[in-house]
Amino acid sequence: MKSTLLVSMLLASIFLCFSSTSRAQVIDIQPGSGNIAGILAEDAAIYASAMRQGILALDPVVTQKDGKSVLGRNNRNFLNKIQANAQKATLSRITYEDPAGKTISVHARSGKPITRIISGIAAAPVSADGSGSTGATSDGATTDGAYASEADDIALDATESAWYPPDTDSDVRALILSSDDSIVEASAETAGPNIGKVIHGSDAELKSLRKLEQLINEGRVARGGQLTGYVSKTVCHSCRRAFSEFSNEYNVNGKMYYLNETPDVSDDALKSSRQSSDALLVERKTINKTYFSFSGDIEGNAALPWGRQPFNASALTNMERGETIIDSACPE
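Note that the sequence shown covers residues -24 to -1, 1 to 308 in mature numbering (1 follows the signal peptide of the UniProt record, and there is no 0).
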């Protein structure tokens, strides 16, 4: 009797373990290469275009260190800081296909609303000759000493939609959304000088997941689908945890490809990913220099359409082809 009971308990344990394992969802995070640089460069141009339109709409006045006040678009130091900020922001594109085959791409940039970034940079004294520090943080947000509430950032970011391509059935921008009632949360640091602090709350990946969560909850797409994403930097511990929780909650599988920024790696996949990362950096410099030049015609350019370049793991990067995606996209 005892042996029969033990066997039954063992079989039950095996069944439960197998069932749990079979239900577990996984979003595999790995280094990527191929034409990911080109894919994310499309979004880099869109965000540079939006920032340019923000500068023209706000037309901020900056105070030079010599005491003179000038328009920000006429001050090279101000524009250098804007360019550095745009260069450092993390870019993410996540494409989701639900069980019925409906596909939608979510585009995201890390950091605060554009208005806050521009205002923060404009508030600091600038030199007249273009020298000085960038004043930009690693995630693309500018530290201006002002800490707005989440509700304020949500409202401000929504008003800036006019500077971006309009949402479509296949492409949407990841606006800043409330963290209330969302399973997508940033995690506090567990080590280092920022231990106990949340420093990744504005990451592009978190914005993308919250937007996808909203689309699922609104019925735009169904849960239980496949996710394929690209991000311009290594995925941090906070975002890795968010992907895991999102995957389990919404029954989502897939892959998230990141571009490796670490030099001197021996792994072939990381080496290839680093080459793609370098290619994207070069492309973004070209894009940002073009969009943040206001000499001559300063009319605002129309919002660019969302990029539709498909992923090709074996494609050469833009840098290797010696091409640029902005030849026909940037303002004249």
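C-beta: ideal position from N, C-alpha, C; glycine also. Bear in mind the structure is a predicted one, so any value in this text is a computation, not a measurement.
Check	Outcome
By a C-beta neighbour count over all protein chains shown, 10 Å radius and 16 as the cutoff for buried, is Thr71 buried or exposed?	buried
Give me the DSSP bridge partner(s) of Val82.	Ile70 and Val148
Considering only the alpha carbon of each residue, which of Asn11, Ser253, Trp282 and Ala26 lies closest to Trp139?	Ala26
Please report the Cβ distance between Ser252 and Ile12, rounded to the nearest whole angstrom; I am assuming they are in contact, meaning their Cβ atoms lie under 8 angstroms.	5 angstroms
What is the residue span of the beta strand (DSSP E) that Leu280 lies within?	Unbroken run through Leu280: none, as it is neither H nor E.
Who are the near neighbours of Gly106 in its chain, counting only those whose CB is closer than 7 angstroms to its CB and skipping five residues on each side?	Caution applies to Gly106, whose pLDDT of 46 falls short of 50 and renders its modelled position unreliable; the value that the coordinates give is listed next. The answer, listed in chain order, is Arg52, Asn53 and Asn56.
Quick one: Cα of Thr144 to Cα of Leu32, how far?	25 angstroms
If we ignore side chains and look at the alpha-carbon of each, how far apart do Glu237 and Ser214 end up?	18 angstroms
Give me the residue from Arg92, Ile3, Arg69 and Val82 with the minimum Cα distance to Gly14.	Arg69
Is it buried or exposed for Ser223, if we count other Cβ within 10 angstroms and need 16 for buried?	buried
Go to Asn229, then tell me how far its beta strand (DSSP E) extends in each direction, as first and last residue.	Asn229 to Tyr234
Could you check what DSSP says for Val160 in three-state terms: helix, strand or coil?	coil
For a test of the three-state rule: what should DSSP assign to Val258, helix, strand or coil?	helix
What residue does the alpha helix (DSSP H) around Gln40 start on, and which one ends it?	Taken as a continuous stretch (DSSP letters only), Gln40 belongs to no alpha helix (DSSP H), as it is neither H nor E.
Between which residues of its own chain and Ala245 is the CB-CB distance below 6 angstroms, once the five residues before and five after are set aside?	Pro7
Considering only residues of the same chain and omitting the five flanking positions on each side of Phe219, which have a CB-CB separation below 6 angstroms?	Ile3
Candidates Val228, Ser208 and Asp133: which alpha carbon is nearest Leu257's?	Ser208
Excluding the 5 residues preceding and the 5 following residue 311 in the sequence, name in chain order all residues of the same chain whose CB lies nearer than 7 angstroms to its CB.	Nothing about residue 311 can be read from this structure; the chain reaches only from -24 to 308.
Excluding the five sequence neighbours on either side, which residues of its own chain have a C-beta within less than 7 angstroms of the C-beta of Leu16, listed in chain order?	Leu67, Arg69, Tyr206, Ser208 and Leu256
Tell me the rounded alpha-carbon separation between residue 338 and Lys265.	This structure gives no information on residue 338, because the portion of the chain shown stretches from -24 to 308.
If you run the structure through DSSP and keep just helix, strand and coil, what is Leu(-19)?	At Leu(-19) the pLDDT is 47, less than 50, meaning the model places this residue with poor confidence; the figure from the coordinates comes in the next sentence. Note: Leu(-19) maps to helix in three-state DSSP.
Smallest Cα separation from Glu225: which of Ser158, Ile58, Tyr267 and Ala60?	Ser158
Which residues does DSSP pair with Pro7 in a beta bridge?	Tyr234
In the DSSP assignment, find the beta strand (DSSP E) that holds Gly205 and state where it starts and stops.	Gln202 to Val207
Roughly how many whole angstroms lie between the Cα atoms of Ile90 and Glu136?	8 angstroms
Three-state secondary structure (DSSP) at Leu32?	helix
Is Trp139 near the ligand HEM - that is, is its Cβ less than 8 angstroms away from at least one heavy atom of it?	As for the ligand HEM, it is missing from this structure, which has no ligand bound.
Tell me the DSSP secondary structure of Leu185 in three-state form.	helix
So the alpha helix (DSSP H) Asp243 belongs to, where does it begin and stop?	Looking at the DSSP string, Asp243 is not in any alpha helix (DSSP H), and its letter there is neither H nor E.
Taking the alpha-carbon positions, what's the Ser155 to Glu161 distance?	7 angstroms
Ordered along the chain, which non-local residues of its own chain (more than five positions away) have a Cβ less than 6 angstroms from that of Ala65?	Arg85, Ser86, Gly87 and Gly116
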